[in-house]
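In the numbering used here, the protein residues as written are 3 to 298. Ideal placement from N, C-alpha and C gives every residue a C-beta, glycine not left out. Fair warning: this is a prediction, and the values are worked out from it, not measured in the lab. Single-structure report; data block below.
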Amino acid sequence: KLKPSRLLIPLTAGATIGGNISVIGSPGNLIAKETIERFSEGAMSVTFFEYAKIGIPLLLVAAVFYAFAGPRLIPARESAEAEKYAPKDDVRIGGRGWFTLVTLVLTIAAMIAADYVPFLPPMHITACVGAMAVVFGRVLTQKEAFAAFDLQAVFLLSFMTPLGNAMMKTGAARQISDAVVSAAGGHGPLVLMAILWLTVWGLTQVMSNTATCALFCPIGWSIAKALGADPRAVVIAVLIASSVAVCTPLAIPANSMILEPGNLRFRDFFRPGIALSAVAFAVSMVLLPRIYPFFS
């Protein structure tokens, strides 16, 4: 007997923040992984659950935040079409459903094991095999499978690497990092990481979080290297900031998806989103420098 809005806003926040637990949680996770591994020339690696070190604490803090502050910050709105979204009775998982579930579990298990078992194929090959199994099992047709491709994510991931390389080789990334370092007035990497976090977070509220992450990951790497600091904390800070897209319905598709069923307004996202973002910022600033010390 809860109003839909009271659950839908925490649901989308949990979806985007929970995506920080593994490298396949969102396209931005893969962008951050590619940045760290390529720009370090293989000296640094990102395992399947690398981001869980910050993602799990962040998700737990967000859950506690919504449990206590959610009722005061999220409006209780009744959906105008509640019956349309009511759960159907007697929903059962058929044979194809179980096949899909088993395929998903085995695929993820193989992707995780690839970090520890040398003879297993890379993560992206395993993912492709799992997707092919779903098609061969006639859960989806070939056309349905291709229609599910997020071409924006594909192109952003494909072109992020040459764009980042171009920024590094032409000196553009160094110019940007020098400008940011100069504007910060000689403060340490923690202050610069905070500035970058807030910048990425602000842009993510009005544009694609994947695009924001692709743009700022190489910049964050350059800023950290200019200071002689470990760049992993800064790059992951960019990733976390781009995932806290909870203040507007424009930030991520999930936010716009709940507008109608929750009978929500634009402003309904703002108050709980700002409060949760402040909590996420504090958690990031405390944990990231401890997980990845700037100077070891």
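Where the alpha helix (DSSP H) containing residue i begins and where it ends
| i | result |
| --- | --- |
| Arg292 | Phe268 to Ile293 |
| Lys227 | Asn211 to Ala228 |
| Leu10 | Pro6 to Gly20 |
| Val193 | Pro191 to Thr206 |
| Glu80 | Unbroken run through Glu80: none, as it is neither H nor E. |
| Cys249 | It is not in any alpha helix (DSSP H) - Cys249 carries neither H nor E in the DSSP assignment. |
| Ala116 | Run containing Ala116: none; DSSP gives neither H nor E here. |
| Ala150 | First-last for Ala150: undefined, no H or E at that position. |
| Val131 | Met125 to Phe138 |
Collapsed DSSP secondary structure at residue i in the structure displayed
| i | result |
| --- | --- |
| Ile260 | coil |
| Ala45 | coil |
| Ala65 | helix |
| Arg98 | helix |
| Arg234 | helix |
| Thr37 | helix |
| Phe70 | helix |
| Phe157 | helix |
| Thr143 | coil |
| Val25 | coil |
| Lys55 | helix |
| Lys3 | coil |
| Gly173 | coil |
| Asn265 | coil |
| Leu122 | coil |
Cα-Cα separation, residue i to residue j
| i | j | result |
| --- | --- | --- |
| Pro29 | Thr212 | 6 Å |
| Leu122 | Ala116 | 5 Å |
| Lys171 | Val48 | 24 Å |
| Val141 | Ile19 | 29 Å |
| Gln144 | Arg98 | 16 Å |
| Leu106 | Gly190 | 44 Å |
| Leu266 | Ile197 | 31 Å |
| Leu9 | Ala54 | 24 Å |
| Phe296 | Thr128 | 34 Å |
| Ala51 | Leu61 | Strictly speaking, residue 51 in this sequence is Phe, with Ala absent from that position. So the two alpha carbons sit approximately 14 Å from each other. |
| Lys5 | Ala78 | 6 Å |
| Ile76 | Ile33 | 32 Å |
| Phe283 | Pro164 | 30 Å |
| Arg232 | Leu192 | Position check: residue 232 holds Asp in this sequence, whereas Arg was assumed. C-alpha separation (whole angstroms): 11 Å. |
| Ala2 | Phe138 | The structure shown does not extend to residue 2, since the chain is modelled only from 3 through 298, so no value can be given for it. |
| Ala216 | Ser244 | 10 Å |
| Ala168 | Asn31 | 21 Å |
| Leu241 | Ala111 | 24 Å |
| Gly96 | Leu289 | 44 Å |
| Ile276 | Trp203 | 11 Å |
| Asp261 | Ala149 | Per the sequence presented here, residue 261 reads as Leu, with Asp not at that position. When rounded, the distance between both Cα atoms is 24 Å. |
| Phe41 | Ser224 | 10 Å |
| Leu308 | Arg234 | A query on residue 308 cannot be resolved here, the shown segment of the chain reaching from 3 to 298 and no further. |
| Glu146 | Val63 | 38 Å |
| Val136 | His126 | 16 Å |
| Phe157 | Leu205 | 20 Å |
| Leu13 | Ile23 | 16 Å |
| Met113 | Leu200 | 32 Å |
| Ala253 | Ala181 | 28 Å |
| Val104 | Gly132 | 10 Å |
| Pro255 | Thr214 | 15 Å |
| Met209 | Thr102 | 33 Å |
| Val236 | Arg269 | 31 Å |
| Ala17 | Gly173 | 37 Å |
| Gln2 | Asn257 | Outside the shown range of the chain (3 to 298) lies residue 2, about which nothing can therefore be said. |
| Met134 | Ile238 | 31 Å |
Is the segment 249-262 touching the segment 61-70 in the sense that three or more CB pairs, one from each, lie closer than 8 Å? Verdict: no, contact absent.
Do the segment 209-224 and the segment 30-44 make contact, defined as three or more Cβ pairs closer than 8 Å? Yes: the two stretches touch, three or more of their Cβ pairs being nearer than 8 Å.
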